[in-house]
Amino acid sequence: MDSLIVNQKEYKITQEDRQKCFIEDKENSRILFIFDHATWGQIQPVESAYVCGSFNSWQENEDFKMHYSPELNLHYLAVDFSKVSIIGNSGYPEYKFCINHEFIWLQGINFIPPGYAFFSSDRNLVIVHEGEDLSEVIKESNIGETIKSLSDFDLNTREGQEEISNFRLVPGTKKLFRCFHPFYSTGGRSNRYETEKTRIELVQKLCEEEGIKSDINLTDDYTIYAGEDIHWYDGTSGKVTIPDFYQKMLDSNSVCNVMSASEVVPYYDYVYTKPRGELFGEWVQNVVYFIIDDAHEAPFSIHCAIGTDRTGVFSALLGGLCGATWNEVAEDYQKTNRMGINEYRSKALLAQAFQNLLQTEDVSKIPDFQKALWDYFTTTPLHGKPILTEEEIRKIILKLD
């Protein structure tokens with residue numbers, strides 16, 4: 345067993361520690377990250393080594409630059425628990441080692457003990473503290489790495505169609521539907537997944553069946569890609585096509601491409617970690633003002649690229665303002681995992697966003713979720729006035745009921 349002295353404390357490093365990639369120092373509330381060169385098979389020389397994760401926006405931050413021990417042939421970094429508390433999609437803090445300015449992926453890596461890595465599309469290492477349920481991490485990781493085929497869905501039922509398309513009514517409302525993007529496939533999924541072509545076709549079908557009249561787009565404006573070639577998993581090709589119902593909304597100015605006053609589009613890190621920030625407040629106003637404008641008819645659809653993160657936060661927010669409970673919006677949030685596209689989102693991630701927003705340790709223990717949201721938005725100033733007024737919130741409820 346080797347030893348390493350860090351911040352005047354001696355750490356005994358076992359082979360298991362090298363494989364797990366960190367040591368939990370409960371006495372000093374500290375995590376000691378370990379990148380062992382022999383274990384990883386890393387080729388020398390290493391010019392730079394960083395820990396990048398959900399807690400530092402996946403950036404090479406000087407506070408997370410690793411030190412090298414030539415005696416042990418490993419890089420290490422000791423960080424306080426408080427600095428690595430921001431969680432990722434798994435519901436746990438996630439990270440990768442960034443060696444020579446490149447992320448080290450877990451492709452083909454089999455030495456990590458079960459429960460200390462999360463095998464969704466990002467394939468990240470995770471920090472699981474002593475006493476936490478590793479079996480739960482493993483179970484959720486198995487869900488996360490699932491890629492479903494068409495035969496995994498009963499497409500003859502509404503339930504099956506909603507599962508594959510991520511289309512469903514937002515809790516607390518009767519005229520707001522969340523969904524996958526209605527016409528554009530991002531992330532190269534069109535020719536990687538058998539389900540993608542059918543998924544988009546069903547989003548369009550369900551939007552038309554529900555008579556969607558207005559759309560809230562939380563991602564970039566993908567109409568600019570209309571006419572571009574698209575290649576599907578089944579070998580067929582086509583063009584990115586804006587469906588007729590969506591074109592009618594565009595023509596009537598009934599599509600809201602959400603952005604801040606400075607024209608910043610909602611993005612993952614901000615909606616989960618900075619919901620009290622100015623940008624988030626402006627995005628909320630943008631969405632609410634669009635909904636309550638008499639020129640925009642219900643029913644509404646709301647989506648981002650895959651209808652998970654930005655859509656999840658804003659759906660929970662709008663649903664909560666309209667009277668949905670925390671349990672209802674949290675359960676709805678996790679339904680997105682049913683798509684089976686090698687993605688996973690823990691409801692703990694949604695909870696983190698609303699705990700940041702409402703400044704509470706456990707959002708599930710708030711006795712009245714709707715009241716807490718009303719109180720925050722009607723009393724928190726933005727540019728000299730409350731983010732929302734009570735009258736505006738009442739108008740949302742009337743419009744979406």
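Residue numbers 345 to 745, in this note's numbering, belong to the letters of the sequence shown in order. Just so you know, even glycine gets a beta-carbon here, dropped at the ideal spot from N, CA and C. Predicted, not measured: the structure shown is a model, and the values here were computed from it.
At the level of alpha carbons, what is the spacing between residue i and residue j?
| i | j | result |
| --- | --- | --- |
| Ile367 | Leu693 | 24 Å |
| Ala668 | Gly516 | 4 Å |
| Ile685 | Phe463 | 12 Å |
| Ala649 | Asn561 | 9 Å |
| Gly555 | Phe511 | 13 Å |
| Ile387 | Ile448 | 12 Å |
| Glu675 | Gln451 | 31 Å |
| Arg682 | Glu507 | 6 Å |
| Asp719 | Cys365 | 43 Å |
| Glu406 | Gly651 | 34 Å |
| Val657 | Ser509 | 18 Å |
| Gln678 | Ser398 | 19 Å |
| Glu545 | Phe408 | 45 Å |
| Ala639 | Trp384 | 59 Å |
| Thr542 | Gly728 | 47 Å |
| His473 | Lys370 | 9 Å |
| Tyr612 | Phe524 | 16 Å |
| Ser645 | Arg374 | 45 Å |
| Arg620 | Phe425 | 23 Å |
| Leu499 | Glu540 | 14 Å |
| Thr617 | Ile740 | 25 Å |
| Trp402 | Val395 | 8 Å |
| Asp466 | Val514 | 28 Å |
| Glu607 | Val673 | 28 Å |
| Thr501 | Glu476 | 38 Å |
| Asn671 | Asn601 | 29 Å |
| Val423 | Glu404 | 15 Å |
Could you check how far apart the C-beta atoms of residue i and residue j are, in whole angstroms? I think they sit under 8 Å.
| i | j | result |
| --- | --- | --- |
| Leu421 | His381 | Contact flag wrong, Cβ pair sits at about 15 Å. |
| Arg522 | Thr723 | With 8 Å as the limit, Arg522 and Thr723 do not qualify as a contact, their Cβ atoms being about 28 Å apart. |
| Gly488 | Tyr688 | 3 Å |
| Gln591 | Leu550 | Actually they do not touch by this definition, with Cβ atoms about 17 Å apart. |
| Asn468 | Tyr439 | 6 Å |
| Val609 | Asp653 | Contact doesn't hold; Cβ gap of about 13 Å is too wide. |
| Glu553 | Phe589 | Between Phe589 and Glu553 the Cβ distance is about 10 Å, and since that is not below 8 Å, they are no contact. |
Between which residues of its own chain and residue i is the CB-CB distance below 8 Å, once the five residues before and five after are set aside?
| i | result |
| --- | --- |
| Ile575 | Looking at the sequence shown, residue 575 is not Ile but His. The residues are Ser534, Asn535, Ser581. |
| Val390 | His381, Tyr412, His419, Ile443, Asn444 |
| Gln699 | Glu705, Asp706, Val707 |
| Ala605 | Glu626 |
| Leu702 | Ile710, Ala716, Leu717, Tyr720 |
| Ile349 | Tyr355 |
Out of the options, state which residue places its alpha-carbon closest to the alpha-carbon of residue i.
| i | options | result |
| --- | --- | --- |
| Leu594 | Asp559, Asp719, Asn351 | Asp559 |
| Leu520 | Lys729, Val631, Arg362, Lys364 | Val631 |
| Leu662 | Pro457, Glu554, Arg738, Tyr611 | Arg738 |
| Leu742 | His411, Glu438, Glu641, Phe455 | Glu641 |
| Asn454 | Arg362, Asp588, Asp745 | Arg362 |
| Pro526 | Thr563, Phe497, Asp498 | Thr563 |
| His303 | Ala660, Ile636, Asp637, Leu494 | A question about residue 303 goes unanswered here, because the residues of the chain that appear run from 345 up to 745. |
| Gln352 | Asp346, Phe634, Asn372 | Asn372 |
| Tyr537 | Pro587, Asp573, Asp496, Lys679 | Asp496 |
| Leu494 | Pro643, Asp578, Lys583 | Asp578 |
| Phe634 | Met603, Tyr394, Thr585 | Met603 |
| Glu360 | Asn500, Asp346, Glu672 | Asp346 |
| Leu726 | Met410, Ala697, Leu623 | Leu623 |
| Ile471 | Ile430, Asn500, Ile357, Lys492 | Ile430 |
| Glu734 | Val428, Glu415, Cys666 | Cys666 |
| Gln548 | Thr585, Glu572, Asp637 | Thr585 |
| Glu503 | Lys691, Glu607, Thr680, Ala695 | Thr680 |
| Leu376 | Ala393, Glu404, Met410, Ser392 | Met410 |
| Ala393 | Glu476, Val423, Glu446, Val428 | Glu446 |
| Pro587 | Asn597, Glu404, Asp573, Tyr528 | Tyr528 |
| Leu416 | Thr358, Pro643, Lys691 | Thr358 |
Spatial neighbours of residue i within its chain, please: CB distance less than 6 Å, with the 5 preceding and 5 following residues excluded, ordered by chain position.
| i | result |
| --- | --- |
| Thr490 | Gly684 |
| Phe441 | Phe379, Ile448 |
| Lys518 | Asp745 |
| Lys356 | Met345, Ser347 |
| Pro458 | Ile482 |
Using C-beta distances below 7 Å, list every residue in its chain close to residue i, excluding the 5 sequence neighbours before and after it, in chain order.
| i | result |
| --- | --- |
| Ile731 | Gly625, Val628, Gln629, Phe721, Thr724 |
| Val599 | Asp559, Asn561, Met593 |
| Asn400 | Phe408 |
| Gln696 | Ile431, Tyr616 |
| Ile636 | Glu736, Lys739, Ile740, Lys743 |
Say yes only if the C-beta of residue i is nearer than 7 Å to one or more non-hydrogen atoms of the ligand ZN, and no if none qualify.
| i | result |
| --- | --- |
| Leu520 | Because no ligand of any kind appears in the structure shown, any question about the ligand ZN cannot be addressed here. |
**Prompt:** Counting pairs of beta carbons, one from the stretch 561-573 and one from the stretch 705-717, are three or more of them closer than 8 Å?
**Reply:** no
**Message:** Under 8 Å, with one C-beta from each stretch per pair, do the stretch 480-496 and the stretch 429-438 reach the 3-pair mark?
**Reply:** yes
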